[in-house]
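When the count follows this note's numbering, it moves up by one through the sequence shown with no breaks and lands on 1635 for the last residue. Idealized CB from N, CA, C, for every residue including glycine.
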Amino acid sequence: MDNPAFENSTESDGSTKANANTTLDVPSTPTNAARVRKLTPKINVIHYQKSQTDLLPTLHEIPTATENEQEQRPLGHNNGINPEHAGTSAFIQKGIASAASFRKLVRNMSRDVMPSIDNYRLSYQRQTSARPSLHELCNPEAAVVNEEVLLDDLNDTPTVEGPKKIEAVEEAVVEKVKFGWIEGVLIRNMMSIWGVMLFLRLSWVVAQAGIAETLVIIAISTFITLVTALSMSAISTNGEIGGGGTYFVMSRVLGPELGGSIGIIFTIANAMDCALNIVGFAQTVLDMMKEYGGYIIFDGALNDIRVVGTLTTIFTCAVCGLGPYYETKMKNIMIVIMMVSLTNFVVGSIRGPENELEEAKGFIGYSVDTLNENWKSAYFVTDGQMQNFISVFSVYFPASIGILAGANVSGDLKNPNSAIPKGTILAIILCSVVYAGVAIICGATMVRQATGSVIDLANGTSLHCSTLLNGTNCTSGLNYDYQAMSLVSAFAPLNYLGCISATMSTALSDFVSCPALLEAIAADNIYPYWMIGFFGKTCGKSKQPLRAITFTFLLTLAFVLIAKLDTIALLISDFFLATFALMNFSTFHISLVKPIGWRPTFKYYNTWLSLLTGLLSIASIILMSLPIAVITIAIVLFFYLLVLYRKPEVNWGSSTQAQTYRAALSSIQQLVHIEEHVKNYRPQILVLTGLPNTRPALVDFAYLICKNNSLMICGNIVQEKLTYNMRSKLQQKAYRYLRFTNIKGFCVVADNSNLHSGVTAMLGLSGVGKVHPNILMMGYKNDWATCEGNSLDQYVLAITAGFEMNVAVTILRNKEGLDCTEILADIDDFILNKNAPGKTSSFDSTADQCNNSISTSSSNLSAFPISNPTGFSPMSSVDSVDESQSTADTEGRRAVVLGVTKNKQSKKKKKQAITFRDPEGNELPKSVMNKIILFQKKQNKDTIDVWWLSDDGGLTLLLPVLINSRSNWSETKLRIFCTASGVEELEKEHKGMAVLLSKFRIDYSDLVIISYTNTAPKSKTKTWFDGIIRPFLQPRTNGPHIKQAEFEAYQYKTDRYLRLRELLLDHSSDSNLVVMTLPIPRKGACSAPLYMAWLEALTANMPPFLLVRGNQTSVLTFYS
516 MDNPAFENST ESDGSTKANA NTTLDVPSTP TNAARVRKLT PKINVIHYQK
566 SQTDLLPTLH EIPTATENEQ EQRPLGHNNG INPEHAGTSA FIQKGIASAA
616 SFRKLVRNMS RDVMPSIDNY RLSYQRQTSA RPSLHELCNP EAAVVNEEVL
666 LDDLNDTPTV EGPKKIEAVE EAVVEKVKFG WIEGVLIRNM MSIWGVMLFL
716 RLSWVVAQAG IAETLVIIAI STFITLVTAL SMSAISTNGE IGGGGTYFVM
766 SRVLGPELGG SIGIIFTIAN AMDCALNIVG FAQTVLDMMK EYGGYIIFDG
816 ALNDIRVVGT LTTIFTCAVC GLGPYYETKM KNIMIVIMMV SLTNFVVGSI
866 RGPENELEEA KGFIGYSVDT LNENWKSAYF VTDGQMQNFI SVFSVYFPAS
916 IGILAGANVS GDLKNPNSAI PKGTILAIIL CSVVYAGVAI ICGATMVRQA
966 TGSVIDLANG TSLHCSTLLN GTNCTSGLNY DYQAMSLVSA FAPLNYLGCI
1016 SATMSTALSD FVSCPALLEA IAADNIYPYW MIGFFGKTCG KSKQPLRAIT
1066 FTFLLTLAFV LIAKLDTIAL LISDFFLATF ALMNFSTFHI SLVKPIGWRP
1116 TFKYYNTWLS LLTGLLSIAS IILMSLPIAV ITIAIVLFFY LLVLYRKPEV
1166 NWGSSTQAQT YRAALSSIQQ LVHIEEHVKN YRPQILVLTG LPNTRPALVD
1216 FAYLICKNNS LMICGNIVQE KLTYNMRSKL QQKAYRYLRF TNIKGFCVVA
1266 DNSNLHSGVT AMLGLSGVGK VHPNILMMGY KNDWATCEGN SLDQYVLAIT
1316 AGFEMNVAVT ILRNKEGLDC TEILADIDDF ILNKNAPGKT SSFDSTADQC
1366 NNSISTSSSN LSAFPISNPT GFSPMSSVDS VDESQSTADT EGRRAVVLGV
1416 TKNKQSKKKK KQAITFRDPE GNELPKSVMN KIILFQKKQN KDTIDVWWLS
1466 DDGGLTLLLP VLINSRSNWS ETKLRIFCTA SGVEELEKEH KGMAVLLSKF
1516 RIDYSDLVII SYTNTAPKSK TKTWFDGIIR PFLQPRTNGP HIKQAEFEAY
1566 QYKTDRYLRL RELLLDHSSD SNLVVMTLPI PRKGACSAPL YMAWLEALTA
1616 NMPPFLLVRG NQTSVLTFYS
C-alpha cells in the first residue's frame, strides 16, 4: 500500500493536507496530526517486543530482474517505477512503499540488521538475538533460522487493526503496577527508617549515651548506611536490575556463592526487622491501653506483647498477600500521619509542660542546664546488663537498616537504576537530620530520671531517685519512660498514632521484601528445590508467591514470640551489618578489578571508602556480640559452601570471574620471566584422545599423572575442515564430559589436518607462555599391521614430531585397546538426559551425515573394535545438542561416571559399579566394562614395574612415582629394572642405582639389575617376530614396507628388543602396570613398519604398558 507519509516535501501544501487523513488508514480523528505523532512510539513498542529469535531473510530471496526485463525497461525509469530496483533516497522521496516495505528492502540489500536493544538482551542466561551470525553473513548459501517469522513481521503494515493490537499490548503492560522514585523508594525508605527506634528507643539512647555520643552514634550509622547506599547506587546503575533488589545486586557482582548466602541472611534479617516493628507496635498499643484505661490482657508484659504481636503479624500477612499496590498505598497514608506526629512533637517541645504531672515525669521544657546535664554520657544498668557505647549502638543501629527497603522491591519500580540512588540517599539524609533533631530536643527538654510524683515535685525531690531493694523509685524520665516522645508532644494520642504508623509501615515493607527475595533466590535455582526452590512457586492471576509469604509469616512470628525489643535489635544489627559489609566489599572488588563492563552511571562512590566501610561493619559485628557474630558467619559459610558444592549452572559475569581471569593472566605473565627449575617441573600433557568420551581409559590414565599437579589437554584431530558451529559442538561435548567426570583439563581441536600436522600444530600452539605441553601422550596403534594408506607413516611421524618439538613422548597400550567408540553408547546422552522416561532409548549419534564425510582407520587386532586408534575424531560425535537442557534436570538421579555410579541417596555415598550400554542399549559384559574403567579402580597389592633402560632425564622414573602416589594406586609397589654392561658390573651398578634412588627419595620394593640383555633371543621368539614383519618384507605396490638392507642393518637392535620381550614376559607379565623407556625412531633411517614391530615386540600380550621417553632434560634432582 502506498503511504503518503513519505511524500516529497516539495509538493504543494494542499496536496499534503488532502492526503493527511489517509496517512495511517485509521478512522479520522479531530486532531490528525496528533494521531500521527502518537502512532510512532506505538509502532516502536511492537518492533521492540517481537520475538528475539526472529531472523531475517536470506540473500537468495532478493528479487532480481532477468536480462530481458532489464533491456525492455526504458532508460531513466529504473529508479522511478519498480521499488525493488529503486534506491533508498528515491524510496523515501517518492513515497511508493510503506515503512514496513522499506525495512524489508533494506534487509534484502544486506543481511546486516540495524542496532537494536533487542539484540543485547539476555534471556535465561543466554543471548537471544535477531542479529545474524558471521557464518550467515559470509556464506550466501547459508539458511537463516526462522527467517519466515521475521518476513511476516516485516510485511505487517499499519492498518485499521494495527492500533487495536498496539493498544492491547499497552493494556497488558499496565496490568503490573510500577512505582516512581518518590513513592517506590523515598517514601518506602523513610517509613522504614522512621520505625520503632525513633519513637521507643531514641530517648533511651540519649539517656544512656548523652547528646554528644548519641550524635556520634547517629553519625557512625549514617556514615555506614550512606557509603553503603553509594556503593549500592554504583552497582545498581551498572545495568538493568531485576527483581530481588539487594540479593540481585550482590549475587550478580560477587557470584552465586556469596550472593546466595547473603540473600538468605538478608531474608532472615528482614523477617527479624518485621518482628522488631511488630513488637514495637504491640508495646505501643499496650502502653495506650494502660495510659487511657488501665487495661491489660494477661500480665501486662511479655505475654500481652506476644498476643498483640501475633494478631498484628496475621494482619500484616493479609495486607501483603494482596500485593505491593495496597501496601504502598497504606504507606502513603502513614507517612502523612508520621509528618503530623513529628510536627506535633516539635510543637509540644516549644509549648513546654502543660501541668505539674508532666513536669513531675521529667518534661521541663527547653533548659540550658538540662542540655548541659544531658550532653555527657551516663551509662547505667538496663535489664540486668551494664550498658556501654557498643551495646547502645547495637540497639540504635536497626534504626538505619531501612535504607534497602526500596531496593528490595526493584522489580516493582519503573526505573530502578535512577530511582534507587536518588530515593535512598535522600531518605538517609532527611531521616538522619530528623533523628539528630529529635535526640537534641529530647536531651534539651527532659531530664534523665524522675519519680513521676506530683508530691515529690512539690517537695522538690522529684529528680532525686533513691535505691530500693527491687530497683529505684524513679519510673519516669529519659531513662525509664520509653514513651518520652508522647510526653513531650502537644497531643499525646497523635504521637501514639505516629508510632503505630511508623512500626506498621516498616513491618509491611519488611514483610513484602522477604517473599520477593525468596522468589528471586528460588528463580536462580542455586539451592536445592526442597530448601529454597519450593518457595518460588506463584499462585493465582496476581502471581503471588503464597508459599514464600507463608514461610515469611512463620519466620516473623517466631521472632515476634521473643517479645524483647532489645534482644531482637541485637540480632538484627549483626545480620544487617553483614549485609552492608558484603555490599561494600562487592563495590570495592568490582571497582578494583575493573572489568570492561563496569561503567556505572552513578559516579559518586569511592573504592577505598567502600572497603573502609566494609571493615567497619565487620568490626561492629564482632564488638556487638561475638557469639552472634560467629552464628552469622557460620550461616553465611554454610550457604556459601552449599552453592560451591552444587556448582549450579549459572553465569552472571561476576567480579570473581573477572578477578579469576585477571589473576590467571597475571600469573602466566609472571611465569614467562621465570626461568624453569628442575624442582618445579610439572608434567604437562597433551593427550591425543579424540573426543574424551571415546577413550575413557586414556583420559583417566593421563589424569592420574596430572590431577592437582599440572596441565592436561585433550587433543582432537579431525581430518575434515569444520565450521565454527561444528567445532564449538565438539568442544562443548568434550568439556561436558570432563566436567561430568570431575576431570580438570582442557580440550583443543585441530581440523583439516592429518595426524602429523595436527600434532605439530597442537604442540606449537597449545598453551600460553610457560603453561604449555611438555609431554605428548598417545594411544598405541593396535591396527598398525593392517591399516590402509599412509596411516602408519602418519602415526610414526607424529611420534617424531614430538621429539622434534623437544617434548617427551609417551605411548599407552592396553591389551583390549583404548578406543571404545564402537562398543559404547555415547555417554553425552546421559549427561544431557536426552532419554526421558517413556521414550525409546536411542544411543546412536544424530549426525550421521557428518559421519560419512570423514574417513578414518577402521580395523584392529585386539578384542575391542578400535576404529580410530590414532586420535582422530569421527564427525558422528558432533551431535545436535539441545542447549536448553539443564543439568539441573538430572538432580536426584544416579549419575553415570564411566561405569561408576554415585547413588546420591545413599547415606554412605558408596560408589557402585553398574553396567555400560552398547549402542543398541544392551549391557556390556562385566569383564569388558572393568577394562574400560581400569584406571579408576582400586588396584590390588601388586607391582608397577619400571624398566629404566636409558637416561632420558628421569621421566621414565617420575611418571610411575606420580601414579603410585594416587589413592587407588597407593598399595602397589615399585620395582625398578636397570641394565648393566656386564656381569662384573652388576654389584657396582646396583649400588650406584640404589644410592641414586635414595637421593631421589623414591620408595621401591625391589631393584633388579639385568646384565644379559645382549644375548641372542630364543628361536621361538624370532619365529613369532618373523610372522609379524614378513608381510612388510615382501614387495608392495602401496603402503609402507621394510627393505631387506634396512632389516639387516638393524638386526642388532631387533635382537635386543626381542630379548627384552623375553625378560618382560619372565618378570612383568603379572604386574599392574609396566613402564619402559621408549625407543626413538631415527627420522629417515628407520621405516615405520620396523619401528612399530619393535614396539609390538615389547608390548604385545602384556599388562597395561606405558612407553616413555623424556626430552633428555632432568626432571628429577636430589638437591634441596
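Cβ contact annotation for PRO1163 (same chain, cutoff 7 Å, sequence separation greater than five): PRO771, ASN1040, ILE1041, in chain order. For ARG1210, the closest alpha carbon among the candidates GLU698, SER864, GLY1230 is that of GLY1230. Using a Cβ-Cβ distance cut-off of 8 Å, the region 734-748 and the region 905-925 are in contact, since at least three pairs of beta carbons, one from each stretch, lie closer than that value. Under the DSSP assignment, TRP1123 falls outside any beta strand (DSSP E), being part of the alpha helix (DSSP H) whose first and last residues are 1122-1139. The region 923-932 and the region 965-981 do not touch, with fewer than 3 CB-CB distances between them shorter than 8 Å.
Straight across, the Cα-Cα distance linking ILE1136 with ASN785 is about 17 Å.
Beyond the five residues adjoining it in sequence on each side, LEU1470 comes within less than 7 Å, by CB distance, of ALA1323, VAL1623, GLY1625, VAL1630 in the same chain, given in chain order. Annotated as distal: ILE1447 and CYS1302, with beta-carbon spacing of 8 Å or more. For the pair MET1591 and TRP1484, the CB atoms are not nearer than the 8 Å cut-off.
Taking SER707 as the centre and dropping the five residues before and after it, the same chain places the C-beta of GLY917, ALA920, THR1021, SER1024 closer than 6 Å to its C-beta, in chain order. When the five nearest sequence neighbours on each side are left out, the beta carbons in the same chain lying within less than 8 Å of the beta carbon of LYS1285 are those of ILE1183, LEU1186, VAL1187, ILE1189, GLU1191, in order along the chain. Look at ARG1242 here: in three-state DSSP terms it is helix. Under the DSSP assignment, CYS1221 falls in the alpha helix (DSSP H) whose first and last residues are 1211-1221.
Per the DSSP secondary-structure output, GLU1331 pairs with nothing in a beta bridge. ASN654 and SER648 have their C-alpha atoms spaced approximately 10 Å apart.
With three or more CB-CB distances shorter than 8 Å, the region 1521-1539 counts as touching the region 1502-1510.
For TRP1539, the uninterrupted alpha helix (DSSP H) run begins and ends at 1534-1548, by DSSP. Per the C-alpha coordinates, the member of GLY992, ILE865, LYS929 positioned closest to GLU873 is GLY992. Residue pairing of ASN1224 in beta bridges, as defined by DSSP: absent, with no partner found. Under the three-state reduction of DSSP, ASN1040 is assigned to coil, being neither helix nor strand. DSSP, reduced to helix, strand and coil, places THR1065 within a helical segment of the structure shown. The three-state secondary structure of CYS946, taken from DSSP, is helix. A residue is called buried when at least 16 other Cβ atoms come within 10 angstroms of its Cβ; GLU698 meets this threshold and is buried. Annotation for LYS1506: the continuous alpha helix (DSSP H) segment containing it runs 1501-1514. Nearest Cα to ILE1326 within the set MET1607, VAL1158, PHE1515, GLY1436: MET1607. Rounded to whole angstroms, the gap between the alpha carbons of SER1586 and PHE1492 is 13 Å. Around the beta-carbon of ASP1298, 16 or more other beta-carbon atoms lie within 10 Å, marking it buried.
With respect to the 8 Å criterion, SER864 and VAL1003 are classified as neighbours on the basis of their beta carbons. Around the C-beta of ASN1240, fewer than 16 other C-beta atoms lie within 10 Å, and the residue is accordingly described as exposed.
CA-to-CA, the gap between ASN1208 and LYS1296 works out to about 18 Å. Looking at the DSSP output, ARG1624 sits in a beta bridge with VAL1324.
For ILE1517, the three-state secondary structure derived from DSSP is coil. The Cβ-Cβ distance between LEU1501 and SER1526 falls below 8 Å. Between the region 805-822 and the region 1056-1073, the count of C-beta pairs closer than 8 Å stays below three; the two stretches do not touch.
DSSP places GLU1438 within a strand segment (E or B) once states are collapsed to three. Assignment of CYS957 by DSSP, reduced to helix, strand and coil, places it in the helix class.
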